[in-house]
Every structure is written in structure tokens, then in C-alpha cells.
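If you want the numbering used here, it's the position in the sequence shown, counting the first as 1, plus 53.
Each residue gets a CB set at the ideal place from its N, CA and C atoms; glycine is no exception.
What follows is one structure encoded as C-alpha cells, with my remarks underneath.
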Amino acid sequence: VPLLQGDLSSGKSVLVLAPEQTFAQEAAALLAAHVPVHTLSGDTGDAERLRLWERAREPEPFVLVGSYLALLAPLRLGRVVVLEEGSGAYKLSAGCRVFVPTAARFLAEAAGVPLVLADAFSTPETRGSVPPAARAALPT
Numbered sequence: 054v055p056l057l058q059g060d061l062s063s064g065k066s067v068l069v070l071a072p073e074q075t076f077a078q079e080a081a082a083l084l085a086a087h088v089p090v091h092t093l094s095g096d097t098g099d100a101e102r103l104r105l106w107e108r109a110r111e112p113e114p115f116v117l118v119g120s121y122l123a124l125l126a127p128l129r130l131g132r133v134v135v136l137e138e139g140s141g142a143y144k145l146s147a148g149c150r151v152f153v154p155t156a157a158r159f160l161a162e163a164a165g166v167p168l169v170l171a172d173a174f175s176t177p178e179t180r181g182s183v184p185p186a187a188r189a190a191l192p193t
């Protein structure tokens with residue numbers, strides 16, 4: 054939470070991706086006690102989605118918690134966080150078949166912001182694309 058608060062205080066929003074709607078709602082509820090939070094997923098209606106897009110253009114930053122759809126939000130990013138990056142739910146089985154953590158990495162690189170992949174176990178895709186020096190293990 055302190056990293057997110059730092060990003061917000063510097064005027065940058067934070068994107069937090071969750072693999073499932075329930076997980077996104079739980080993460081948003083936990084973060085809402087500390088930072089301004091909005092949610093976005095495939096279940097978000099058109100009117101609410103439009104409101105979030107308009108909100109993203111305002112100068113006040115916030116944390117956006119959502120599914121892969123949130124990757125498209127027009128945020129002034131300070132950080133991208135992927136929760137449970139090893140979840141099979143991130144491997145889209147239809148449509149573009151993108152692996153969401155990889156798309157998040159491309160977004161973070163394009164925006165020049167840090168990417169945080171949060172999971173107990175890294176995926177083969179992560180081990181192959183993130184150098185060991187860029188990884189941090191949780192304390193034991």
C-alpha cells in the first residue's frame with residue numbers, strides 16, 4: 054500500500070489486475086481502506102465504463118482494480134500490479150488469446166513504469182521474460 058500511495062501522491066494512477074471478478078472485488082475492498090479505488094471488468098455496464106473513462110482524464114489519480122479489460126483504461130500510470138500472475142484465468146481461451154501478465158508487462162514498459170507481479174509461484178512465461186536480477190522474493 055505505501056508504494057501505491059506514493060504513486061498517487063505523485064499524481065499517477067495505479068492499475069491492479071486480478072484474474073477473476075471475485076478476486077478483484079476483494080482486492081478493491083481491501084485497498085479502499087487506504088486509497089481511492091474504482092473497479093472495471095467485463096461485468097461493468099456501458100454507463101459505468103464511460104464514467105470511469107471520463108474519471109481517468111481528471112487530474113486526481115486513483116487505483117483501478119480490474120480484469121484484463123482494465124488494460125485498456127486511459128490512465129496516467131505510475132505502476133502496474135498483477136495479482137496472482139500465475140492464475141490460469143489470465144490465459145484467455147477465446148478472442149485474442151493473450152496472456153494478460155505479458156500484456157501488462159508490455160503496457161508497463163511502454164508507459165515507463167514499474168511492473169509488480171504478485172504470486173507465490175512465477176509462471177514459465179515470467180521466468181523466461183524477467184531476468185533474475187529484476188525479481189524479488191517474499192521474506193520467509
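Where residue i falls: helix, strand or coil (DSSP)
i	result
Phe76	helix
Thr155	helix
Ser63	coil
Gly148	coil
Gly165	coil
Ala171	strand
Leu70	strand
Gly141	helix
Leu56	helix
Leu136	strand
Per-residue burial, residue i [other beta carbons within 10 Å of its own, 16 or more giving buried]
i	result
Val54	exposed
Arg129	exposed
Asp60	buried
Ala87	Reading the sequence as shown, one finds His at residue 87 and not Ala. His87 comes out exposed.
Thr193	Confidence at Thr193 is low in this model, with a pLDDT of 48, below 50, so its placement is unreliable and the value that follows should be read with caution. With fewer than 16 other Cβ atoms within 10 Å, it is exposed.
Pro112	exposed
Leu83	exposed
Cβ-heavy atom distance, residue i to the ligand ATP, below 6 Å
i	result
Val153	Absent from the structure shown: the ligand ATP. Ligands present: none.
Identity of the residues DSSP links to residue i by a beta bridge
i	result
Leu160	According to DSSP, which records beta bridges pairwise, Leu160 is partnered with nothing at all.
Leu130	Ser66
Inset, instruction - Give a yes or no on contact between the region 136-154 and the region 103-111, applying the rule of three or more CB pairs nearer than 8 Å. - result: no
Legend entry - Sufficient close CB pairs (3 or more, under 8 Å) joining the region 151-166 to the region 113-126: yes
Legend entry - Segments of 3+ residues assigned as beta strand (DSSP E) that fall wholly inside the region 81-125: 90-93, 116-119
Inset, instruction - Answer yes if the region 57-75 comes into contact with the region 112-122, meaning at least three C-beta pairs across the two stretches below 8 Å, and no otherwise. - result: yes
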